[in-house]
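Chemist: Just so you know, the sequence shown maps onto residues 571 to 806 in my numbering. First, the structure itself, so that you have it in front of you.
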Amino acid sequence: MKGRTIAAFVAVGFALMMLPELKDTLDYPRFLLTFLYFVFFWVSLATSWNILTGYSGYFSFGHGAFYGIGVYTTANIVTKLGASFLVTLPLAGVLAALVGLLVGLVVFRLRQLRGELFALLTLAVDFVVASLVRNVDFIDGGLGLSLGRVDYPQFLGTFPDMMYRVGLLIALLTVFAAYAIYRSRLGRGLFAIHDDEAVAEGLGVPTFRYKMIAFGISAFFAGLAGGLHAVQISYV
571 MKGRTIAAFV
581 AVGFALMMLP
591 ELKDTLDYPR
601 FLLTFLYFVF
611 FWVSLATSWN
621 ILTGYSGYFS
631 FGHGAFYGIG
641 VYTTANIVTK
651 LGASFLVTLP
661 LAGVLAALVG
671 LLVGLVVFRL
681 RQLRGELFAL
691 LTLAVDFVVA
701 SLVRNVDFID
711 GGLGLSLGRV
721 DYPQFLGTFP
731 DMMYRVGLLI
741 ALLTVFAAYA
751 IYRSRLGRGL
761 FAIHDDEAVA
771 EGLGVPTFRY
781 KMIAFGISAF
791 FAGLAGGLHA
801 VQISYV
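This is the structure:
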């Protein structure tokens, strides 16, 4: 990735991070930061989904499961261990990625699971996760989990300021990762898989490894977004 691209990316990110400090100057509506948080949330989810589905052509319906894993990871650690939610976000992403890799170990080893079959199998992951949440009291406490008031560093500002800034950071990291993959050998390999996986294998592209990496990264950022969103909705 070129230095000027990185510099421009950092400059835009820094400028957006300063928006909460300009409340009085710009006199924007109070709901604007919350609205922008939701924009960043959907940017993170959509971009992370695109890393697998858009690049490799493997249409995944299981992305909601990885988001849900992130939600319940943060909710459980915050409510039961009293940890700062900022500490839980990487854990939410890692746990979602591990589940994604476990799924990938099964579905990517079976060559016949492509196209519609892959999509349906990933849809089943959603139902499995939803069933676990509904039936295992340890996960949702039986009646759900209420995060209530969460602790966070005061330098991040008010709660809407903090959610805006952390949401922006996650969106920027997701977009940066997607762009970096797009420009890398991994990205070229995924696009080759998208066009014709059999030909890609014949040309020496390590298709299984590339799909696993893409699945893991995609699930990680979905879990990261889900972990933060648990704080926004405060009850799961």
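Backbone N, C-alpha and C fix where the C-beta goes; we use that ideal spot for every residue, glycine too.
Just mark A792 as buried or exposed, buried being the case when its beta carbon has 16 or more other beta carbons within 10 Å.
Modeler: Position 222 of the sequence shown, counted from the start, is the residue given in the question as residue 792. That one is buried.
Chemist: Could you give the DSSP three-state label for Y628: helix, strand or coil?
Modeler: In the sequence shown, the residue the question calls residue 628 occupies position 58. Y628 falls in the coil class under three-state DSSP.
Chemist: Pick out the complete alpha helix (DSSP H) segments inside the segment 600-649, 4 residues or longer, and give them in chain order.
Modeler: Segments of the alpha helix (DSSP H) lying fully in the segment 600-649: 602-626.
Chemist: Output the boundary residues of the alpha helix (DSSP H) element that contains M588.
Modeler: Indexing the sequence shown from 1 puts residue 588 at position 18. Neither: M588 is in no alpha helix (DSSP H) and is coded neither H nor E.
Chemist: Assuming G640 and A666 are in contact, meaning their beta carbons sit under 8 angstroms apart, how far apart are those beta carbons, in whole angstroms?
Modeler: Start at 1 with the first residue of the sequence shown, and residue 640 comes out as number 70. Start at 1 with the first residue of the sequence shown, and residue 666 comes out as number 96. The pair is a contact, with the Cβ atoms about 5 angstroms apart (cut-off 8 angstroms).
Chemist: Measuring CB to CB, does R800 end up less than 9 angstroms from T604?
Modeler: Taking the sequence shown and counting its residues from 1, one reaches residue 800 at position 230. Taking the sequence shown and counting its residues from 1, one reaches residue 604 at position 34. Here the sequence assigns Ala to residue 800, which means Arg is not the residue at that position. For A800 and T604, no; Cβs fall outside 9 angstroms.
Chemist: Do G774 and Y625 have their C-beta atoms closer together than 9 angstroms?
Modeler: What you label residue 774 is simply residue 204 of the sequence shown in a count that begins at 1. What you label residue 625 is simply residue 55 of the sequence shown in a count that begins at 1. In this structure, Y625 does not lie closer than 9 angstroms to G774 by Cβ.
Chemist: Is the CB-CB distance between F636 and S804 below 9 angstroms?
Modeler: Taking the first residue of the sequence shown as position 1, residue 636 is located at position 66. Taking the first residue of the sequence shown as position 1, residue 804 is located at position 234. Contact: no.
Chemist: In chain order, which alpha helix (DSSP H) runs of at least 4 residues are fully inside the segment 696-739?
Modeler: As far as the segment 696-739 is concerned, its whole alpha helix (DSSP H) runs of at least 4 residues are 707-710.
Chemist: For N646, does the count of other Cβ atoms within 10 angstroms reach 16, so buried, or fall short, so exposed?
Modeler: Numbered from its first residue, the sequence shown carries residue 646 at position 76. N646 comes out buried.
Chemist: Tell me the DSSP bridge mates of Y805?
Modeler: The residue given as residue 805 occupies position 235 in the sequence shown. Looking at the DSSP assignment, Y805 forms a beta bridge with S716.
Chemist: Could you have a look at V775 and say whether DSSP puts it in helix, strand or coil?
Modeler: For this step, residue 775 is matched to residue 205 along the sequence shown. Coil, per DSSP.
Chemist: Check whether the segment 676-693 touches the segment 769-783, taking contact to mean three or more Cβ pairs, one atom from each stretch, closer than 8 angstroms.
Modeler: The answer is yes - the segment 769-783 touches the segment 676-693, with three or more Cβ pairs under 8 angstroms.
Chemist: Consult DSSP for Y780 and reduce its assignment to one of helix, strand or coil.
Modeler: As a first step, residue 780 must be located in the sequence shown, where it is residue number 210. If DSSP states are grouped into helix, strand and coil, Y780 belongs with the helices.
Chemist: Given a cut-off of 9 angstroms on the beta-carbon distance, is the pair F611 and A748 in contact?
Modeler: Reading the sequence shown from its first residue, position 41 is the one you call residue 611. Reading the sequence shown from its first residue, position 178 is the one you call residue 748. No.
Chemist: Looking only at its own chain, which residues have a Cβ that is under 6 angstroms from the Cβ of V613, when we skip the five neighbours before and after it?
Modeler: The sequence position of residue 613 within the sequence shown is 43, counting from 1. Cβ neighbours of V613 beyond the five flanking positions: A741.
Chemist: What separation, rounded to the nearest whole angstrom, lies between the Cα atoms of V698 and T658?
Modeler: As a working note, residue 698 is residue 128 in the sequence shown. As a working note, residue 658 is residue 88 in the sequence shown. Answer to the nearest angstrom: the Cα atoms are 23 angstroms apart.
Chemist: Kindly indicate the opening and closing residues of the alpha helix (DSSP H) around A662.
Modeler: Taking the sequence shown and counting its residues from 1, the one referred to as residue 662 is at position 92. F655 to V677 is the span of the alpha helix (DSSP H), which, as asked, contains A662.
Chemist: DSSP state of R758, grouped into three classes?
Modeler: The residue you call residue 758 lines up with position 188 of the sequence shown. Note: R758 maps to helix in three-state DSSP.
Chemist: Once you ignore the five residues that flank Y722 on each side, which residues in its own chain have a CB closer than 6 angstroms to its CB?
Modeler: The count along the sequence shown starts at 1 and reaches residue 722 at position 152. M732.
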